[in-house]
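Novice: Provided herewith is a single structure, encoded as structure tokens, for subsequent inquiry.
In the working numbering, the protein residues as written are 7 to 939.
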């Protein structure tokens, strides 16, 4: 048989352009490289179509909408769906196995080759293709996608795509696999895990010939204690395990966890704070399950519903193409991804963070079920639903990798998403448990929260912002209603819901024309904040105490309480009606109906009891004393002076107490682990008390087991800590000059951390020209328009890049190797002096709380510098007022040098110019030379 001829490729006749920190580099049609200043860049972008990488970023830089450009990121998303690449020419080259360009000029020359490689890849069909690329490209081309003719030619299309293929191009749900119902799990056994078993499993996962690490074996044996049988009800065994960076704690606790899961026939939930660690853990499980098919059954990643693509939302968006034909391009790229994705996760995994930026959030991440509108088995895509498949796989898995947010929410809601409550947990990045619990167990009676409830009840209203499917409660449950009485109850709910803020609520309140009890209450809270808060003329969030309310506020609170009671009662009545139907028709209901009725009843109960009940308790406290374990305030959330939300806020002074009551006491065993659990060096009892305060271990009936394994890294040899004493931190010209010189001395690989966005912007403006002249890429949170994960991905992939960011960047950075070798803080990262911090200072001790928070931030930041045995790093603080008592944040033996800027620049340059050691000696005498496990 004669093979068909290979498709003939063609490339667009467009000049390649790459961005520089200031301006750009253009490869002209004559083959000449031309440097463009910002004005010339703007003129060229406004001209004929270009070949670009990330057209949206180029447009933001120029203040223009880039029209008709050939964006290589769009082509990559189409040709390599579900694959990772940093959204830069260097990142694309690395992802495609091409030589990585070393300069901006090389990058411009590389762009056509990137396009050719992507198009050539389309000519090779894949065996597991679930979408129709030719039909999608045709539909996208009809909507103006410039790549369409080149894609169709690469696909070898020799005749127009048939109409029936075009009509079905976006219907990827029809080609996704269906999950099948399985019988419920039997109860787990109660066999414990001996330390020797954990060590043996660790050796199995490491494989033959692995270097001996005594600390790693000690750690695995220590955490095994959490996997023994529980001695009494509400009395779990909790292990607090501090393991220094490089110990290999991930494999240590996975060894013990997998032994328990296999012996007892039930999953262990491993919870993390960041998505990077979730995927690192997932990768480590390849050691135990090298077969991808077997691993898919035994290891499952779980997040909340709001993180996954909802196929019904996607179908509704597809149905809207007749009215919004321009959406054919973004929805086509989403179709390609949805057909290729492993699990439908829109916030990590195989969904590129930059894809939401280039195609818009409404046609990407907003297609998730973010407002609790799921109709469960009433959905035509229920048997193919990514979320339902993940829930069912998790019940049969050995290891479920979740995040703190999901675990906390399920604890707060009583396991709303999954009835098979796990009995064993591992909380990695355990130093974040306090803030995760603080978010989950808080109450916010604000404009956005109240309008979200109204939208959940009434659906999309005329004049409102369309969100998700916009279906109200009545449309979601009308086929479940047991009779006319229940239908009347739904009508009562809809009438009562109109007391909540409606479309345009913010505009009316600003115009002093609030409507309804909720808007009137919110308007008065805003009045009180502006009357009493300091800094009202500034750009930052404002807040004030709830005591001595302004005139009319107490009456408005009482009126809103009455209105909420009128909503709460029918919600509870409807939930009861659904539960009654479950009981009355137990013999005749099919499983899908039972599941929908149960889910609807629990959802109504949650809204009525937890959300509305919590709000009513807050409102009543305005005329009664607030319970001492809670703290209340009125606030206005602002970003750069723009109001985002305002209202009434309530948090627990110690949020670990409800976390322990709701989750830990119900568990049988819990491991909480981190490299930074304790405060300070970890030897003093007060340091362990900080770990107990931040994890809730102090609220347990018996003390937690403490385990500590030191880092094997020789920090005094691998790092330098410099406090610059001759830069005025309030003089941004001096601060900018310091960043410039330090970044240049390091030759890039630098992370600049800031306590305020305004300071970040000023420093970016000051250092960009010098870094561009030195050939060092510069990226910045809040300026480059990309999410933190994407920025970190870019930074990780470019050895000599520089990145500026705030707290979110500090927490999200995991960059081993020379890509991160310098970290510069603009000033001591004290906690924000707000009402919540004030209350916690009174509870935990004012200076103790403030110092503890600051040391944890410094420890976490410093810990990012050395992730492997051959890493070297310099940590610089541009704050001469750094107290000596905070220096215990750094490892023992690391000298903290207080020096001038010139000396700091010289030390940075000389120290980082040294070749990294081929082998680094452990503190225990053993030798290592590769990445930590």
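Ideal Cβ positions, reconstructed from N, Cα and C, are used throughout, including at glycine.
Assign residue 252 to one of three DSSP states: helix, strand, or coil.
Specialist: Within the chain shown, residue 252 is the residue found at index 246, counting from 1. If DSSP states are grouped into helix, strand and coil, residue 252 belongs with coil.
Novice: Got a sec? Which residues, its chain only, sit under 6 Å from residue 106 by beta carbon, not counting five neighbours each side?
Specialist: Here residue 106 is taken as the residue at index 100 of the chain shown, counted from 1. Answer for residue 106: 96, 99 and 100, listed in chain order.
Novice: Would you say residue 702 and residue 670 are within 8 Å of each other, going by their C-beta atoms?
Specialist: Within the chain shown, residue 702 is the residue found at index 696, counting from 1. Within the chain shown, residue 670 is the residue found at index 664, counting from 1. For residue 702 and residue 670, yes; Cβs fall inside 8 Å.
Novice: Confirm, please, whether the CB-CB distance from residue 717 to residue 162 is below 8 Å.
Specialist: Within the chain shown, the letter at position 156 stands for residue 162. Within the chain shown, the letter at position 711 stands for residue 717. In this structure, residue 717 does not lie closer than 8 Å to residue 162 by Cβ.
Novice: What is the rounded straight-line gap between the Cα of residue 384 and the Cα of residue 125?
Specialist: For the purposes of this step, residue 384 is taken as residue 378 along the chain shown, with counting starting at 1. For the purposes of this step, residue 125 is taken as residue 119 along the chain shown, with counting starting at 1. Each residue's alpha carbon lies about 41 Å from the other.
Novice: Using C-beta distances below 8 Å, list every residue in its chain close to residue 564, excluding the 5 sequence neighbours before and after it, in chain order.
Specialist: Locating residue 564 in the chain shown gives position 558, where the first residue counts as 1. Taken in chain order, the residues that qualify are 625 and 629.
Novice: With a CB to CB cut of under 6 Å and the five nearest residues on each side skipped, what residues in its chain are close to residue 574?
Specialist: The sequence position of residue 574 within the chain shown is 568, counting from 1. 614 and 618, listed in sequence order.
Novice: At the 8 Å Cβ level, is residue 53 part of the contact set with chain D, yes or no?
Specialist: The structure shown contains no chain D; it holds only a single protein chain.
Novice: If residue 350 sits next to residue 388, beta carbons under 8 Å apart, how far is it from one beta carbon to the other, in whole angstroms?
Specialist: In the chain shown, counting from the first residue as 1, residue 350 sits at position 344. In the chain shown, counting from the first residue as 1, residue 388 sits at position 382. The pair is not a contact, with the Cβ atoms about 14 Å apart (cut-off 8 Å).
Novice: Which complete beta strand (DSSP E) runs does the segment 581-646 hold, if anything under 3 residues is left out?
Specialist: Listed in chain order, they are 636-645.
Novice: What span of residues does the alpha helix (DSSP H) with residue 859 cover, start to end?
Specialist: Within the chain shown, the letter at position 853 stands for residue 859. From DSSP, the alpha helix (DSSP H) with residue 859 extends over 852-869.
Novice: Using beta-carbon positions only, say whether residue 892 and residue 854 come within less than 8 Å of one another.
Specialist: Taking the chain shown and counting its residues from 1, the one referred to as residue 892 is at position 886. Taking the chain shown and counting its residues from 1, the one referred to as residue 854 is at position 848. Contact flag unset, no.
Novice: Given that a residue counts as buried once 16 or more other Cβ atoms are within 10 Å of its Cβ, and exposed if not, what is residue 848?
Specialist: On the chain shown, residue 848 is found 842 positions in, with the first residue counted as 1. So residue 848 counts as exposed.
Novice: So is residue 343 buried or exposed if we call it buried at 16+ other beta carbons inside 10 Å?
Specialist: The sequence position of residue 343 within the chain shown is 337, counting from 1. So residue 343 counts as buried.
Novice: As a quick exercise: from 257, 869 and 864, pick the residue whose alpha carbon is nearest that of residue 286.
Specialist: The residue you call residue 286 lines up with position 280 of the chain shown. Considering only alpha carbons, the answer is 257.
Novice: Which same chain residues, not among the five before or five after residue 843, have their C-beta less than 7 Å away from its C-beta?
Specialist: Residue mapping note: residue 843 aligns to position 837 of the chain shown, counting from 1. The residues are 837.
Novice: Would you mind working out which of 330, 455, 898 and 856 sits nearest residue 727, comparing C-alpha positions?
Specialist: Position 721 of the chain shown, counted from the first residue, corresponds to residue 727. Residue 727 has its Cα closest to that of 898, out of 330, 455, 898 and 856.
Novice: Would you please state the rounded distance, in angstroms, between the beta carbons of residue 393 and residue 311? I believe it to be under 8 Å.
Specialist: Here residue 393 is taken as the residue at index 387 of the chain shown, counted from 1. Here residue 311 is taken as the residue at index 305 of the chain shown, counted from 1. Rounded, the Cβ-Cβ distance is 5 Å, consistent with contact.
Novice: Looking only at C-alpha atoms, which of 28, 15 and 132 sits nearest to residue 790?
Specialist: For this step, residue 790 is matched to residue 784 along the chain shown. Comparing Cα-Cα distances from residue 790 to each of 28, 15 and 132, the minimum goes to 28.
Novice: Any idea if residue 865 is buried or exposed, counting beta-carbon neighbours within 10 angstroms, 16 or more meaning buried?
Specialist: Locating residue 865 in the chain shown gives position 859, counting from the first residue. Residue 865 is buried by the Cβ-count criterion.
Novice: On the DSSP letters alone, give me the boundaries of the alpha helix (DSSP H) that residue 808 sits inside.
Specialist: Counted from its first residue, the chain shown places residue 808 at position 802. Counting along the chain, residue 808 falls outside any alpha helix (DSSP H), though it belongs to the beta strand (DSSP E) covering 808-811.
Novice: Span of the alpha helix (DSSP H) holding residue 2?
Specialist: What is shown of the chain runs 7 to 939, which leaves residue 2 out entirely.
Novice: In the structure shown, what three-state DSSP assignment does residue 185 receive?
Specialist: Taking the first residue of the chain shown as 1, we reach residue 185 at position 179. DSSP places residue 185 in coil when its eight states are reduced to three.
Novice: May I ask which residues mark the beginning and end of the beta strand (DSSP E) holding residue 550?
Specialist: Mapped onto the chain shown, residue 550 falls at position 544. Unbroken beta strand (DSSP E) run through residue 550: 548-550.
Novice: Between the beta-carbon of residue 772 and the beta-carbon of residue 816, is there less than 8 Å?
Specialist: As a first step, residue 772 must be located in the chain shown, where it is residue number 766. As a first step, residue 816 must be located in the chain shown, where it is residue number 810. No; because the gap between Cβ atoms is not below 8 Å, this pair is not in contact.
Novice: Classify residue 609 as buried or exposed, calling it buried when 16 or more other Cβ atoms lie within 10 Å of its own Cβ.
Specialist: Taking the chain shown and counting its residues from 1, the one referred to as residue 609 is at position 603. By the neighbour-count rule (16 or more Cβ atoms within 10 Å), residue 609 is buried.
Novice: If you follow the alpha helix (DSSP H) that residue 414 is part of, which residue opens it and which one closes it?
Specialist: Along the chain shown, one-based indexing puts residue 414 at 408. Residue 414 -> alpha helix (DSSP H) spans 410-418.
Novice: So, helix, strand or coil for residue 757, using DSSP?
Specialist: Position 751 of the chain shown, counted from the first residue, corresponds to residue 757. Strand at residue 757.
Novice: Is it the case that the Cβ atoms of residue 74 and residue 152 are separated by a distance below 8 Å?
Specialist: Counting from 1 along the chain shown, the entry for residue 74 is found at position 68. Counting from 1 along the chain shown, the entry for residue 152 is found at position 146. Yes.
Novice: Looking at the structure shown, is residue 792 part of a helix, part of a strand, or coil, going by DSSP?
Specialist: Taking the first residue of the chain shown as 1, we reach residue 792 at position 786. Of the three classes helix, strand and coil, the one that applies to residue 792 here is coil, per DSSP.
Novice: Leaving out five residues before and five after residue 48 in sequence, what residues of the same chain have Cβ atoms less than 6 Å from its Cβ?
Specialist: Taking the chain shown and counting its residues from 1, one reaches residue 48 at position 42. Excluding positions up to five away in sequence, the list reads 68.
Novice: Classify residue 170: buried if its beta carbon has 16 or more other beta carbons within 10 angstroms, exposed otherwise.
Specialist: What you label residue 170 is simply residue 164 of the chain shown in a count that begins at 1. It is exposed - the Cβ of residue 170 has fewer than 16 other Cβ atoms within 10 Å.
Novice: Beta carbon of residue 676, beta carbon of residue 403: below 8 Å?
Specialist: If you number the chain shown from 1, residue 676 lands on position 670. If you number the chain shown from 1, residue 403 lands on position 397. Contact: no.
Novice: Helix, strand or coil: how does DSSP classify residue 2 here?
Specialist: Here the chain covers residues 7 to 939 and nothing more, so residue 2 does not appear.
Novice: Classify residue 155 as helix, strand or coil using the three-state DSSP reduction.
Specialist: Along the chain shown, read from residue 1 onward, the residue named residue 155 stands at position 149. Helix at residue 155.
Novice: From 118, 65 and 173, pick the residue whose C-alpha is nearest to that of residue 145; which is it?
Specialist: Position 139 of the chain shown, counted from the start, is the residue given in the question as residue 145. The candidate whose alpha carbon is nearest that of residue 145 is 173.
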